[in-house]
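Peer 1: Here you go, one structure.
Protein chains in written order, with my numbering: chain A, 118 to 430; chain B, 2 to 317.
Right under this line is the structure:
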């Protein structure tokens, strides 16, 4: 027990938590924006993979790291556009289209990578983002080490949580977006176009998902590998429910999951006699438990997964 | 026979020899740059370049698709199908039974079957043991970490061999281990490595890629497995337990050409006496007094007077 507490008291654990959480924060914000507008986006796993590939490739071809991030966003938005076209104007099944996008995007990432990149014994590397100590703040004991010596995209992710929350709750456009997810008829009655709002929401959300993928190849690691997203997208889909579709809670959910993960990796090394599978399971099991506790009170967007057809009651 | 020697032959003989190149198909469950697959892929490509085989392959083949890919190559006239049946043991064996004229060589946790289903295990444990002997003399903290994918026998026996090597020169050594539950999640492997460094480890045995990234970030040392990681992590990875797959290929191709049944275990060709695994290390980064004992042990392994024990129990 004291071992567990000792681990919790180390700054490097909390530093790891933020690092592990970063791709999840991008992904969960992306999924949340889509769903608040009424569209479930199961394309996330594939969009993250494709984002990881194009973000990395841009840097590999000589681009700047931030250009890589931008290209990832753009490509993610293109995939989002495709998903939106199928599910919004055509009103097709959001589940089927989303899974199709995941298959398409991850296969496309794999294919283009093979087409354009010569791979030897080991995948080629780029120079990834380096940790950036925030002047002043990083010298705060414990907190500075844990929070303010992260890689730049992590700061972006944290700022985005605030921006997305502000946008959704404090701007007319955010209100329109939320209303599209609750009652698209009312949006239409206001003279706004629910289809256009949904299409943009899915595109922007998908752009953020791709950013989460790009973090894996330009910050957490320095190479691309076709199967490296490893289910992080699906975790984001669950985290949206956990967060009850709220950005602040989404951040907490991502941090909680990352905490379980960072914690179990450390516990594995010090606790003997417990099968390692139990530790590996921990973040998932605890997420499910948290989901059960929270989901009862979750407020699901009323029109989630319901295609809007003009004039239909 | 090398390319130069081939060219020196009369034209009609060259043609005859080209015809004897065995048609080999590889069915890789992972993308070929996955460390384990990359060793096999490279060896098969080299064998093809030498004219020993013709090599075509599929990669990233899902388990559900795996038997179909095997059948397609068998129908397509491949004489030898290389693959990995860990996740599809029953299905792969059923395919082999349907194509008795085709030889199969599968990475497998099970045994060989019939006349045409050969298996092999991964063995670079001897090199890992020797790497452990170097590491044992290098650590300041006396704590040694290791990051593995899943605790399957081939991974366990490798990590255990490393530990035995460490213990031989440093009986007081303490060990940490972490499994990441994935074959390719470098971000997670890196986190596992950092967790162990936080736990006091200053030398890490990286069964998975990503381990050395953690070591590099914190300025501690790491050991690579299967492939040579030193060029990618200079100053961090000081030794690598290299796996050479070519002896295995040469052995089964010889069997196929001679018409001998291949339903046997080809694991032995990964052992050091066949050149199936080797230690490469950066001598300048290793304490000079660590090397003679290790070299002595290496000679003993080669001479057959010492056998690195195989312990497949899960390392804690």
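Beta carbons: idealized from backbone N, C-alpha and C, even for Gly. From a predicted model like this one, the values you see are computed outputs, not experimental measurements.
Please list, in chain order, the residues of the stretch 38–52 of chain B that have any C-beta partner in chain A closer than 7 Å.
Peer 2: So the close ones are 39, 43.
Peer 1: Using a Cβ cut-off of 7 Å (strictly closer), state whether residue 180(B) contacts chain A.
Peer 2: By 1-based counting over the second chain, the position of residue 180(B) is 179. So yes, residue 180(B) belongs to the interface.
Peer 1: What residues match up with residue 26(B) in a beta bridge as DSSP calls it?
Peer 2: Residue mapping note: residue 26(B) aligns to position 25 of the second chain, counting from 1. DSSP, once it has assigned bridges, lists 57(B), 82(B) as partnering residue 26(B).
Peer 1: Going by DSSP, which residues form a beta bridge with residue 119(B)?
Peer 2: Your numbering for residue 119(B) matches position 118 in the second chain. Answer by DSSP bridge pairing, in chain order: 106(B).
Peer 1: Are the C-beta of residue 228(B) and some C-beta of chain A separated by less than 7 Å?
Peer 2: Counted from its first residue, the second chain places residue 228(B) at position 227. Yes, its Cβ sits closer than 7 Å to a Cβ of chain A.
Peer 1: Buried or exposed: which applies to residue 308(A), given that a residue is buried once 16 or more other Cβ atoms fall within 10 Å of its Cβ?
Peer 2: The residue given as residue 308(A) occupies position 191 in the first chain. Label assigned to residue 308(A): exposed.
Peer 1: Grab the span of the beta strand (DSSP E) containing residue 284(B) for me, first residue to last.
Peer 2: Here the question's residue 284(B) lines up with position 283 in the second chain. Neither: residue 284(B) is in no beta strand (DSSP E) and is coded neither H nor E.
Peer 1: Just the chain A side, please: which residues come within less than 8 Å of residue 317(B) by C-beta, in chain order?
Peer 2: Here residue 317(B) refers to the residue found at position 316 of the second chain. Chain A residues near residue 317(B): 389, 390.
Peer 1: Should residue 40(B) be labelled buried (16 or more other beta-carbon atoms within 10 Å of its own) or exposed?
Peer 2: Within the second chain, residue 40(B) is the residue found at index 39, counting from 1. The residue in question, residue 40(B), is buried, as its Cβ has 16 or more Cβ neighbours within 10 Å.
Peer 1: Check whether the stretch 164–174 of chain B and the stretch 106–119 of chain B are in contact - that is, three or more C-beta pairs closer than 8 Å.
Peer 2: Touching, no.
Peer 1: Using DSSP's beta-bridge definition, name the partner residues of residue 149(B).
Peer 2: Counting from 1 along the second chain, the entry for residue 149(B) is found at position 148. In DSSP, residue 149(B) forms a bridge with 180(B).
Peer 1: Using a cut-off of 8 Å between C-beta atoms, extract the partners of residue 191(B) located in chain A.
Peer 2: The residue given as residue 191(B) occupies position 190 in the second chain. The answer, in chain order, is 337, 338.
Peer 1: Quick one: grab the DSSP three-state call for residue 311(B).
Peer 2: Translated into the one-based positions of the second chain, residue 311(B) becomes position 310. Coil, per DSSP.
Peer 1: How big is the Cα-Cα spacing for residue 76(B) and residue 100(B)?
Peer 2: As a first step, residue 76(B) is located in the second chain; it is residue number 75 there, counting from the start. As a first step, residue 100(B) is located in the second chain; it is residue number 99 there, counting from the start. Roughly 9 Å separates the two Cα atoms.
Peer 1: For residue 238(B), which beta-bridge partners are listed by DSSP?
Peer 2: Walking along the second chain from the start, residue 238(B) turns up at place 237. 223(B), per the DSSP bridge assignment.
Peer 1: Please state if the CB of residue 375(A) and the CB of residue 134(A) are separated by a distance shorter than 7 Å.
Peer 2: Working through the first chain from its first residue, we reach residue 134(A) at position 17. Working through the first chain from its first residue, we reach residue 375(A) at position 258. Cβ atoms of residue 134(A) and residue 375(A): closer than 7 Å.
Peer 1: Would residue 122(A) count as contacting chain B if we go by Cβ distances under 7 Å?
Peer 2: Indexing the first chain from 1 puts residue 122(A) at position 5. Not one chain B Cβ lies under 7 Å of residue 122(A).
Peer 1: Using three-state DSSP, classify residue 218(B) as helix, strand or coil.
Peer 2: As a position in the second chain, residue 218(B) is number 217, starting the count at 1. Three-state DSSP puts residue 218(B) in a helix.
Peer 1: Who pairs with residue 244(B) in a beta bridge, going by DSSP?
Peer 2: Taking the second chain and counting its residues from 1, the one referred to as residue 244(B) is at position 243. Answer by DSSP bridge pairing, in chain order: 278(B).
Peer 1: Could you tell me the alpha carbon to alpha carbon distance between residue 248(B) and residue 43(B), rounded to whole angstroms?
Peer 2: Along the second chain, read from residue 1 onward, the residue named residue 248(B) stands at position 247. Along the second chain, read from residue 1 onward, the residue named residue 43(B) stands at position 42. Cα to Cα, the separation comes out at about 13 Å.
Peer 1: Under 8 Å Cβ-Cβ, which residues of chain A neighbour residue 183(B)?
Peer 2: Along the second chain, read from residue 1 onward, the residue named residue 183(B) stands at position 182. Going along chain A in sequence order, the residues near residue 183(B) (Cβ under 8 Å) are 347.
Peer 1: Which whole runs of the alpha helix (DSSP H) in the stretch 147–223 of chain A are 4 residues long or more, in chain order?
Peer 2: List check, alpha helix (DSSP H) in window: 161–177, 182–204.
Peer 1: Answer yes or no: does any C-beta atom of chain B fall closer than 7 Å to that of residue 380(A)?
Peer 2: Against the first chain, residue 380(A) aligns to sequence position 263. Judged by the 7 Å Cβ criterion, residue 380(A) is not in contact with chain B.
Peer 1: Touching or not, the stretch 168–182 of chain A and the stretch 351–370 of chain A, by the rule of three or more beta carbon pairs under 8 Å?
Peer 2: Too few Cβ pairs lie closer than 8 Å, so no.
Peer 1: When the cut-off is 7 Å and only beta carbons count, does residue 214(A) lie next to chain B?
Peer 2: Position 97 of the first chain, counted from the first residue, corresponds to residue 214(A). No, because no Cβ of chain B sits closer than 7 Å to the Cβ of residue 214(A).
Peer 1: Under a three-way DSSP split, which group does residue 410(A) fall into?
Peer 2: By one-based count along the first chain, residue 410(A) stands at place 293. It is helical.
Peer 1: What is the DSSP secondary structure of residue 138(B), counted as helix, strand or coil?
Peer 2: Numbered from 1 along the second chain, position 137 holds the residue referred to as residue 138(B). Looking at residue 138(B) - three-state DSSP - the assignment turns out to be coil, as it is neither helix nor strand.
Peer 1: If I'm right that residue 334(A) touches residue 173(A) with Cβ under 8 Å, what's the distance once you round it to whole angstroms?
Peer 2: If you number the first chain from 1, residue 334(A) lands on position 217. If you number the first chain from 1, residue 173(A) lands on position 56. About 4 Å separates the two Cβ atoms, so the contact holds.
Peer 1: To the nearest angstrom, how far is the alpha carbon of residue 145(B) from that of residue 300(A)?
Peer 2: Position 144 of the second chain, counting from 1, holds the residue named residue 145(B). Position 183 of the first chain, counting from 1, holds the residue named residue 300(A). Roughly 59 Å between the two C-alpha positions.
Peer 1: For my contact list, residue 326(A) and residue 193(A) are in at a C-beta cut-off of 8 Å; report their separation, rounded to the angstrom.
Peer 2: By one-based count along the first chain, residue 326(A) stands at place 209. By one-based count along the first chain, residue 193(A) stands at place 76. Going by Cβ atoms, the distance from residue 326(A) to residue 193(A) rounds to 6 Å, so yes, they are a contact pair.
Peer 1: Using a 10 Å radius around the Cβ and a threshold of 16 neighbouring Cβ atoms, would you call residue 219(A) buried or exposed?
Peer 2: Numbered from 1 along the first chain, position 102 holds the residue referred to as residue 219(A). That one is buried.
Peer 1: Would you please state the rounded distance, in angstroms, between the beta carbons of residue 322(A) and residue 138(A)? I believe it to be under 8 Å.
Peer 2: Working through the first chain from its first residue, we reach residue 322(A) at position 205. Working through the first chain from its first residue, we reach residue 138(A) at position 21. Not a contact, Cβ separation roughly 18 Å.
Peer 1: List, in order along the chain, the chain B residues whose C-beta lies closer than 7 Å to that of residue 236(A)?
Peer 2: What you label residue 236(A) is simply residue 119 of the first chain in a count that begins at 1. In chain order: 34.
Peer 1: Can you tell which of 403(A), 404(A), 381(A) has its C-alpha closest to the C-alpha of residue 393(A)?
Peer 2: Within the first chain, residue 393(A) is the residue found at index 276, counting from 1. Residue 381(A) is the option with its Cα nearest to residue 393(A).
Peer 1: At 4 residues or longer, and completely inside the stretch 252–327 of chain A: list those alpha helix (DSSP H) runs for me, N to C.
Peer 2: Within the stretch 252–327 of chain A, the complete alpha helix (DSSP H) runs of at least 4 residues are 260–264, 269–287, 289–299, 301–306.
Peer 1: As a quick exercise: from 272(A), 242(A), 232(A), 422(A), pick the residue whose alpha carbon is nearest that of residue 250(A).
Peer 2: By one-based count along the first chain, residue 250(A) stands at place 133. When only C-alpha atoms are compared, the closest one is 272(A).
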